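K.L.:
Provided herewith is a single structure, encoded as structure tokens, for subsequent inquiry.
Written out as structure tokens, the structure is:
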């Protein structure tokens, strides 16, 4: 017969043990997935991957050049649209609507948009661009990705600008600085690394997105840089090649996955380092 | 036009300043421009949700109109005879998400508890970062890993599940079927792994802001760490924890690529979790490019509308629960 005290200690020990196991469980999957992409992916990376286009079904050789270039083009369109829109909207939230009801509503809706399924964003881009124009195109894919990037940038911009001390604003206003100059020259500058972090994290988020491209940019087996046509991109190629029965395609999918994961992890590390430096300075 | 209006509005103020130079007037209209441009962009972001709703409604209207309310309750999905019903996919979405939550919620709680209360300071950040990185891995890579690595491995356990869980009366029906590795259960498990970082991050954050005096008083009364977690931290953060779980659910409901790879893509309902199924997102992803007729495409977009409405409700609930905690914090500060 154990005492009440001993039983409480046992329960405590047991449950804390479970918590440790849960943490190991979580980290275990990360390691497993990273290890798999490294093992199958790194061995398939070679020079031809960057100099040749995607091979035909069942054939050997080939590379992913068109997919890399296509992905970069899509990212470029998304950032060109999404970054300015996101920064401006975030600026409005933090500088002009920090204490207004409307600001709270916009912030709320932005958070919903941030978590909305990416497949829905893709269908939206299909409905407003692809369907009226009658064909799949690179720019519709870029717009879909921009719509996913925007809420990420809005949120970080908003948060970072609100961290800028009010005294800085008051000092500028006391000197007669117009508000637009105050924002562009002082608060934007004070939070530049934070805003940049937001954009980087947004890019990391969209560079692996596949679902929104299914209905917009589609895929292209050949080299194409035309914005008006379907364009090859890494995530769609990974999807198509991984699902295929051809071993050459599958190993190429692993190589693509490895490069995508390496790129995204790198972006995350850079973003973290930027934030870390910021926090130390503050 | 806006600029001239701005100049007119600005006139009285500008007049009180230096009359000769154009400086103050130009300055004030630049302010006006900047403020309104950013406001317009922010409004655009806010109304895009409404835009999504309208666009999906318009595109899916033909199917919704054609089948009426039966679209929601019919289990038949036949592109050849053009008979479409959404029930199989709605049920598939809910079941796979439910499995994901059953796995992710307790694990996330354990992780959050470990990070916030148990881990030594030097271990806190690396473990947090590792869990957050789980969210950074693209869904298509989860799917590929799930199909080519996880499913074959998991298939080894399915005969065991068949023999033991499948033999149980009642719930045994859920666990019978061929050991293929892919299917509803595998999809749910992978989904669970994918949403752990979202739920764990919120739980960790709210556990960390639980006021120290509250915890310390419990410790001073001789409570064990588990008792503090269970009877002090959890009740204090209950709304936010629920909000975090809803946020994870929102993610799981709309997750596409990973599910498409693993769920098996069958267009019918089966009692067993080991059998292939479909979710709303997976059927859209799978069949969209094959949908050649207008009604077929419209039916898929109507499915998208249903998914959007479900996730929207879940996400609004999640945000409202989380906002309540923000307010609580604000009052304290």
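Chains as they are written, first to last, in my numbering: chain A, 2 to 283; chain B, 29 to 361.
Glycine residues also receive a C-beta, built at the ideal position from the N, C-alpha and C atoms.
Keep in mind it's a predicted model, so treat the numbers as computed, not measured.
The alpha helix (DSSP H) with residue 310 of chain B in it runs from where to where?
P.N.:
What you label residue 310 of chain B is simply residue 282 of the second chain in a count that begins at 1. 308 to 315 is the span of the alpha helix (DSSP H), which, as asked, contains residue 310 of chain B.
K.L.:
Checking 8 Å against the spacing of the C-beta atoms, do residue 235 of chain A and residue 69 of chain A come in under that value?
P.N.:
Taking the first chain and counting its residues from 1, one reaches residue 235 of chain A at position 234. Taking the first chain and counting its residues from 1, one reaches residue 69 of chain A at position 68. Contact flag set, yes.
K.L.:
Take every Cβ of the region 212 to 228 of chain B, pair it with every Cβ of the region 275 to 283 of chain B, and state whether three or more of those distances are shorter than 8 Å.
P.N.:
yes
K.L.:
Count the C-beta pairs between the region 185 to 195 of chain A and the region 108 to 122 of chain A that are closer than 8 Å, then say yes if the count reaches three, no if not.
P.N.:
Under the Cβ criterion (8 Å, minimum of three pairs), the region 185 to 195 of chain A does not count as touching the region 108 to 122 of chain A.
K.L.:
To be precise: take each residue of the region 165 to 195 of chain A, compare its Cβ to all Cβ atoms of chain B, and keep it if any distance is under 9 Å. Which residues remain?
P.N.:
179, 180, 181, 182, 184 and 185
K.L.:
State the DSSP-derived secondary structure class of residue 111 of chain B, mapped to helix, strand or coil.
P.N.:
Along the second chain, read from residue 1 onward, the residue named residue 111 of chain B stands at position 83. Note: residue 111 of chain B maps to strand in three-state DSSP.
K.L.:
What separation, rounded to the nearest whole angstrom, lies between the Cα atoms of residue 236 of chain B and residue 274 of chain A?
P.N.:
For this step, residue 236 of chain B is matched to residue 208 along the second chain. For this step, residue 274 of chain A is matched to residue 273 along the first chain. Those two C-alpha atoms are separated by around 22 Å.
K.L.:
Is the CB-CB distance between residue 238 of chain A and residue 65 of chain A below 8 Å?
P.N.:
Sequence index remark: in the first chain, residue 238 of chain A carries index 237 (1-based). Sequence index remark: in the first chain, residue 65 of chain A carries index 64 (1-based). Yes, the pair counts as a contact, with Cβ atoms nearer than the cut-off.
K.L.:
Verify the contact flag: residue 333 of chain B, CB atom, against every heavy atom of the ligand FMN, threshold strictly below 7 Å.
P.N.:
In the structure shown, the ligand FMN is absent, as is every other ligand, since no ligand is present at all.
K.L.:
Of all the CB atoms in chain A, is at least one closer than 8 Å to the CB of residue 215 of chain B?
P.N.:
To locate residue 215 of chain B, count along the second chain from 1; it is residue 187. By this cut-off, residue 215 of chain B is not an interface position.
K.L.:
Who are the Cβ neighbours of residue 59 of chain A in its own chain at under 7 Å, not counting the five residues just before and after it?
P.N.:
On the first chain, residue 59 of chain A is found 58 positions in, with the first residue counted as 1. Excluding sequence neighbours, residue 59 of chain A sits near 247.
K.L.:
For the structure I just gave you, are there three or more beta carbon pairs, one from the region 329 to 344 of chain B and one from the region 104 to 121 of chain B, closer than 8 Å?
P.N.:
yes
K.L.:
Applying the 10 Å Cβ sphere with the 16-neighbour rule, what's the burial state of residue 226 of chain A?
P.N.:
Stepping through the first chain from its first residue, residue 226 of chain A is reached at position 225. Counting Cβ neighbours within 10 Å, residue 226 of chain A comes out exposed, since fewer than 16 surround it.
K.L.:
Let me know the secondary structure DSSP gives residue 105 of chain B once reduced to three states.
P.N.:
As a first step, residue 105 of chain B must be located in the second chain, where it is residue number 77. DSSP places residue 105 of chain B in strand when its eight states are reduced to three.
K.L.:
Hey, residue 259 of chain A and residue 42 of chain A: beta-carbon distance below 8 Å or not?
P.N.:
What you label residue 259 of chain A is simply residue 258 of the first chain in a count that begins at 1. What you label residue 42 of chain A is simply residue 41 of the first chain in a count that begins at 1. Yes, these two residues count as a Cβ contact at 8 Å.
K.L.:
Looking at C-alpha atoms only, which residue of B/91, B/107 and B/82 is the closest neighbour of residue 320 of chain B?
P.N.:
Here residue 320 of chain B corresponds to residue number 292 of the second chain, with the count starting at 1. Checking every option, the nearest Cα to that of residue 320 of chain B belongs to B/107.
K.L.:
Mind checking who residue 292 of chain B pairs with in its DSSP beta bridge?
P.N.:
By one-based count along the second chain, residue 292 of chain B stands at place 264. The partner list for residue 292 of chain B (beta bridge, DSSP) reads B/305.
K.L.:
Report the neighbours of residue 262 of chain B on chain A: residues whose CB is nearer than 9 Å to its CB, in chain order.
P.N.:
As a first step, residue 262 of chain B is located in the second chain; it is residue number 234 there, counting from the start. Close partners of residue 262 of chain B in chain A (Cβ separation under 9 Å) are lacking, with about 12 Å as the shortest Cβ gap.
K.L.:
Report yes or no: do three or more beta-carbon pairs, one from the region 288 to 297 of chain B and one from the region 197 to 204 of chain B, lie closer than 8 Å?
P.N.:
no
K.L.:
State yes or no: is the beta carbon of residue 336 of chain B nearer than 8 Å to at least one beta carbon in chain A?
P.N.:
The sequence position of residue 336 of chain B within the second chain is 308, counting from 1. Residue 336 of chain B counts as touching chain A.
K.L.:
Alpha carbon to alpha carbon, how far is residue 165 of chain A from residue 174 of chain A?
P.N.:
Indexing the first chain from 1 puts residue 165 of chain A at position 164. Indexing the first chain from 1 puts residue 174 of chain A at position 173. Going from the Cα of residue 165 of chain A to the Cα of residue 174 of chain A covers about 14 Å.
K.L.:
Determine the direct distance from the alpha carbon of residue 201 of chain A to that of residue 268 of chain A, and round the result to whole angstroms.
P.N.:
By 1-based counting over the first chain, the position of residue 268 of chain A is 267. By 1-based counting over the first chain, the position of residue 201 of chain A is 200. About 6 Å.
K.L.:
Note down, in chain order, each residue of its chain lying with its Cβ closer than 7 Å to the Cβ of residue 191 of chain A, except the 5 sequence neighbours on either side.
P.N.:
Stepping through the first chain from its first residue, residue 191 of chain A is reached at position 190. Around residue 191 of chain A, the same chain offers 165 and 169 as residues with beta carbons nearer than 7 Å, after the five sequence neighbours per side are excluded.
K.L.:
Between residue 168 of chain B and residue 231 of chain A, what straight-line distance do the alpha-carbon atoms span, to the nearest angstrom?
P.N.:
To locate residue 168 of chain B, count along the second chain from 1; it is residue 140. To locate residue 231 of chain A, count along the first chain from 1; it is residue 230. Answer to the nearest angstrom: the Cα atoms are 20 Å apart.
K.L.:
So residue 66 of chain B packs on residue 97 of chain A, CB below 8 Å; how close in whole Å?
P.N.:
For the purposes of this step, residue 66 of chain B is taken as the residue at position 38 of the second chain. For the purposes of this step, residue 97 of chain A is taken as the residue at position 96 of the first chain. Confirmed, about 7 Å.
K.L.:
Helix, strand or coil for residue 9 of chain A per DSSP?
P.N.:
The sequence position of residue 9 of chain A within the first chain is 8, counting from 1. Collapsing the DSSP output to three states places residue 9 of chain A in a helix.
K.L.:
Using the C-alpha atoms, what's the distance from residue 207 of chain B back to residue 180 of chain B?
P.N.:
Position 152 of the second chain, counted from the first residue, corresponds to residue 180 of chain B. Position 179 of the second chain, counted from the first residue, corresponds to residue 207 of chain B. For residue 180 of chain B and residue 207 of chain B, the gap between their C-alpha atoms comes out near 9 Å.
K.L.:
Closer than 9 Å between beta carbons: that is the criterion. Which residues of the region 197 to 209 of chain B meet it against chain A?
P.N.:
none
K.L.:
With DSSP run on the structure shown, which of helix, strand or coil describes residue 239 of chain A?
P.N.:
Reading the first chain from its first residue, position 238 is the one you call residue 239 of chain A. In the structure shown, residue 239 of chain A sits in a helix (DSSP, three-state: H, G or I).
K.L.:
Cα-Cα, which of B/136, B/309 and B/267 is closest to residue 284 of chain B?
P.N.:
Sequence index remark: in the second chain, residue 284 of chain B carries index 256 (1-based). For residue 284 of chain B, the nearest C-alpha among the options comes from B/309.
K.L.:
For the region 244 to 264 of chain B and the region 323 to 332 of chain B, state whether three or more C-beta atom pairs, one from each stretch, are separated by less than 8 Å.
P.N.:
no
K.L.:
Would you identify the three-state DSSP class for residue 251 of chain A, choosing helix, strand or coil?
P.N.:
Within the first chain, numbered from 1, the residue matching residue 251 of chain A stands at position 250. Residue 251 of chain A: helix per DSSP, three-state reduction.
K.L.:
With a threshold of 7 Å on Cβ separation, who are the neighbours of residue 143 of chain B within its own chain once the five nearest residues in sequence on each side are excluded?
P.N.:
Residue mapping note: residue 143 of chain B aligns to position 115 of the second chain, counting from 1. Same-chain partners within the cutoff: 152, 155, 156 and 232.
K.L.:
Which residues of chain B have a Cβ atom closer than 8 Å to the Cβ of residue 13 of chain A, listed in chain order?
P.N.:
For this step, residue 13 of chain A is matched to residue 12 along the first chain. Under the 8 Å cutoff, chain B gives 252, 253, 254 and 255.
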